[in-house]
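> Right, I'll just put the structure down here and ask away after.
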Amino acid sequence: RAHAPTAVATVGEAVIGAPSRNVVPGLVRFTLDVRDPKSEVLDAIEAELRASLPAIAERRNLAVDLARIWRKEPVPFDPGVIAAVDAAAESLGLSRRRMVSGAGHDACNLAGRVPTAMIFVPCKDGVSHNESESATQADCAAGADVLLQTVLTLANAPKA
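Written as structure tokens, this is what we have:
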């Protein structure tokens, strides 16, 4: 909570030794994926976790082993492209808000090589990255219009 609302965490995998509905397992292994747009926040969360786990384990009579298996640094997008997306949405009379995507989209891989940003469209009930994700044709068309206007703006911008 100390790092809300930008920091998010997800238990992505859980392996429970001898799973049963009425037995407390002797072993649980899980992955914890923590994301934030700032590296220093990720560092702070990891430090807080490492500092607090021993006391929690002792209180609960548990053994805890924490290992970092992977880290992906946050990827900032290009402010000029973000501004062009924002201006395109405004020129089309569309509501908009800037969001940080915690997911590792392909755009993150491109951002180190080319100016990059992302355009999101509203999804039913705010659900995304899930098989129940659903967007209307009108919202998808509006997103495509924002993309077109952004590309035209950037293509016609004076070269630096």
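In the working numbering, the protein residues as written are 1308 to 1467. Built from N, CA and C at the ideal position, the CB exists for glycine as well. None of these values were measured; they are calculated from a predicted model.
1) Alpha carbon to alpha carbon, how far is Leu-1356 from Ile-1363? Give it in angstroms, no decimals.
2) Which residues in the same chain have their Cβ closer than 7 Å to the Cβ of Ser-1408, if we skip the five residues on either side of it in sequence?
3) Within 10 Å of its beta-carbon, does Val-1392 have 16 or more other beta-carbons around it, so buried, or fewer, so exposed?
4) Taking the runs of the beta strand (DSSP E) that are 3 residues or longer, which of them lie wholly in the region 1334 to 1383?
5) With a threshold of 6 Å on Cβ separation, who are the neighbours of Ala-1395 within its own chain once the five nearest residues in sequence on each side are excluded?
6) Between Leu-1360 and Leu-1373, which are expected to be in contact by the criterion C-beta below 8 Å, what is the C-beta distance as a whole number of angstroms?
7) Do Asp-1446 and Val-1434 have their CB atoms nearer than 7 Å?
8) Quick check: Pro-1381 and Pro-1344, are their CB atoms within less than 7 Å of each other?
9) Rounded to the nearest angstrom, what separates Gly-1400 and Ala-1370 at their Cα positions?
10) Nearest CA to the CA of Pro-1386: which residue from Arg-1403, Ser-1398, Pro-1422 and Lys-1431?
11) What did DSSP end up calling Thr-1313 once you bin it into helix, strand or coil?
12) From the DSSP output, which residues share a beta bridge with Val-1318?
The structure says:
1) Taking the first residue of the sequence shown as position 1, residue 1363 is located at position 56. Taking the first residue of the sequence shown as position 1, residue 1356 is located at position 49. Each residue's alpha carbon lies about 10 Å from the other.
2) Here residue 1408 refers to the residue found at position 101 of the sequence shown. Excluding positions up to five away in sequence, the list reads Met-1425.
3) Residue numbering aside, residue 1392 sits at position 85 when the sequence shown is read from its first letter. Burial call: buried.
4) 1335 to 1342
5) Stepping through the sequence shown from its first residue, residue 1395 is reached at position 88. Excluding residues within five positions, the ones whose Cβ falls inside 6 Å are Val-1453, Gln-1456 and Thr-1457.
6) Your numbering for residue 1360 matches position 53 in the sequence shown. Your numbering for residue 1373 matches position 66 in the sequence shown. Contact flag correct, Cβ pair sits at about 6 Å.
7) For the purposes of this step, residue 1446 is taken as the residue at position 139 of the sequence shown. For the purposes of this step, residue 1434 is taken as the residue at position 127 of the sequence shown. No, they are not a contact pair.
8) Here residue 1381 corresponds to residue number 74 of the sequence shown, with the count starting at 1. Here residue 1344 corresponds to residue number 37 of the sequence shown, with the count starting at 1. Their beta carbons are under 7 Å apart, which means Pro-1381 touches Pro-1344 by this criterion.
9) Numbered from 1 along the sequence shown, position 93 holds the residue referred to as residue 1400. Numbered from 1 along the sequence shown, position 63 holds the residue referred to as residue 1370. Roughly 56 Å separates the two Cα atoms.
10) Within the sequence shown, numbered from 1, the residue matching residue 1386 stands at position 79. Pro-1386 has its Cα closest to that of Pro-1422, out of Arg-1403, Ser-1398, Pro-1422 and Lys-1431.
11) Taking the first residue of the sequence shown as 1, we reach residue 1313 at position 6. Collapsing the DSSP output to three states places Thr-1313 in coil.
12) Start at 1 with the first residue of the sequence shown, and residue 1318 comes out as number 11. BP columns for Val-1318 point to Leu-1339.
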